[in-house]
Every structure is written in C-alpha cells, then in structure tokens.
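S.K.:
In our numbering, the protein residues as written are 117 to 342.
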C-alpha cells in the first residue's frame, strides 16, 4: 500500500504533466515549463537593477529638482526671480547667475521688482537649491530686517496718499545723531471748525497756489517743491 509521501509525489507529478501539456503542449518535456519563465524573470530583475543604478549615478553627478526658476532667469538676461524653499520657508532671489538669501518675502519682492499678483514666487525643494551642483554662487544676505513676512491681499491695500517728512534733531551742543520723522497717511477729514489735537499732524494744500504745508502743534511748515 502506497504511503502518504508516495501519494503526494504522484499528485505533484500529475499536476506537473497537466501544466506541461497546457504550456508546452507536451506531457513529458525535456525541461521544466517554468525554467524559461524563471530565466526571463531573473533577466528582467537584473535589467531593472542596472537601470535604477544608472539613474542613481546620474542623480549624484547632476542633481535634480525644479530648475524652472533658473532657466527662466538665465533666458531673460539674468532678470531677478523670487524662490522660496518649501521645507524651511527660506526666501531667495536669483539674479545675474547668483543666488541671494533674503531677510523676508517682502524684501525679496522688492529686490526682484516682482508684482506678486502677476508672477508668483517659485516654491521648490531644498534639493533644487543645492548650488554646488548647479554651478552658481551665493551672494550676501539682502533685505530689510523686520519687514513683514507676508503681504496683504489686493482688497486690503490702502491706496490713500501719504507724505513722509524727516528732519535732524539737534542736541544742545549742536550735534545731531537722531532723525525726527513725521508720517501722514490719508486724509484726516477735518472741517474748518475742528482742530488737530495732541501730536496729530496734517498735510494741507493752498487751493490758489497749490503750495503744500504741514500743520503740527499750531504751526504751519511750508514744504518746498525741491
């Protein structure tokens, strides 16, 4: 009587013959029907490994990333573009083949002479800013320290007139190390019967001569046209 092992071997042999008949149209082939498939799979795996290794070597030799900002500037005579690093939020301006770190986004837009409504900054990964592989150098840090890190939307922009007046503040010895500045923004909207209070100031214009004056603490200061 056949043992369980003999029965298992017989079953496996029968299944092998059925598969061979379906795949190779021969019940007793000279070689296993899976030998060719195994060889093809191994060859495919090796080709995949070689291709991946090739891309890895190419990536080390020439770093990847989004370089649209560099290509745009280089093709427009080195015109400034604003670039923001996605991971840390660091802001840069790329111009004349050099990358300048910026204090904040406001300074970057001013240096780049960029209208945020017409051309958005480029948001890229830190890998795209790896200057060692791009053949560009880094300039000194630029910008206005303490300037806003964000800009108001178009609907929040104040378009009123403004005037800034500055004059040196002298000490008793006649030296000056301070600058007194008065900023007037918008229209105070006072009538003829109202008066300026405290440290308030107002810019007025004489209708007949178009001469401008600064009204401050009951004094009228003539503003020169020069």
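Glycine residues also receive a C-beta, built at the ideal position from the N, C-alpha and C atoms.
Confirm, please, whether the CB-CB distance from residue 209 to residue 228 is below 8 Å.
M.R.: A contact, by the Cβ cut-off of 8 Å.
S.K.: What are the boundary residues of the alpha helix (DSSP H) that includes residue 325?
M.R.: Where residue 325 is concerned, there is no enclosing alpha helix (DSSP H), given that its DSSP letter is neither H nor E.
S.K.: Who does residue 217 pair with in a DSSP beta bridge?
M.R.: Looking at the DSSP assignment, residue 217 forms a beta bridge with 208.
S.K.: How many Å lie between residue 123 and residue 170 at the Cα?
M.R.: Looking at the two C-alpha atoms, the distance is approximately 51 Å.
S.K.: Are the beta-carbon atoms belonging to residue 319 and residue 297 less than 8 Å from one another?
M.R.: No, Cβ-Cβ distance for residue 319 and residue 297 is not below 8 Å.
S.K.: From this set, 221, 214, 196, which residue's C-alpha is nearest residue 207's C-alpha?
M.R.: Here the closest residue by C-alpha is 221.
S.K.: Taking the C-alpha atoms as reference points, what is the distance between residue 242 and residue 218?
M.R.: Their Cα atoms are separated by approximately 15 Å.
S.K.: Thinking residue 255 and residue 216 are a contact (beta carbons under 8 Å), I'd like their distance in whole angstroms, please.
M.R.: So it is a contact: roughly 4 Å between Cβ atoms.
S.K.: Give me the Cα-Cα distance between residue 324 and residue 317, rounded to the nearest whole angstrom.
M.R.: Their backbone Cα atoms lie some 22 Å apart in a straight line.
S.K.: Are the beta-carbon atoms belonging to residue 223 and residue 273 less than 8 Å from one another?
M.R.: The answer is no: Cβ separation not under 8 Å.
S.K.: Count the other CB atoms within 10 Å of the CB of residue 238; is the residue buried (16 or more) or exposed (fewer)?
M.R.: Result: buried.
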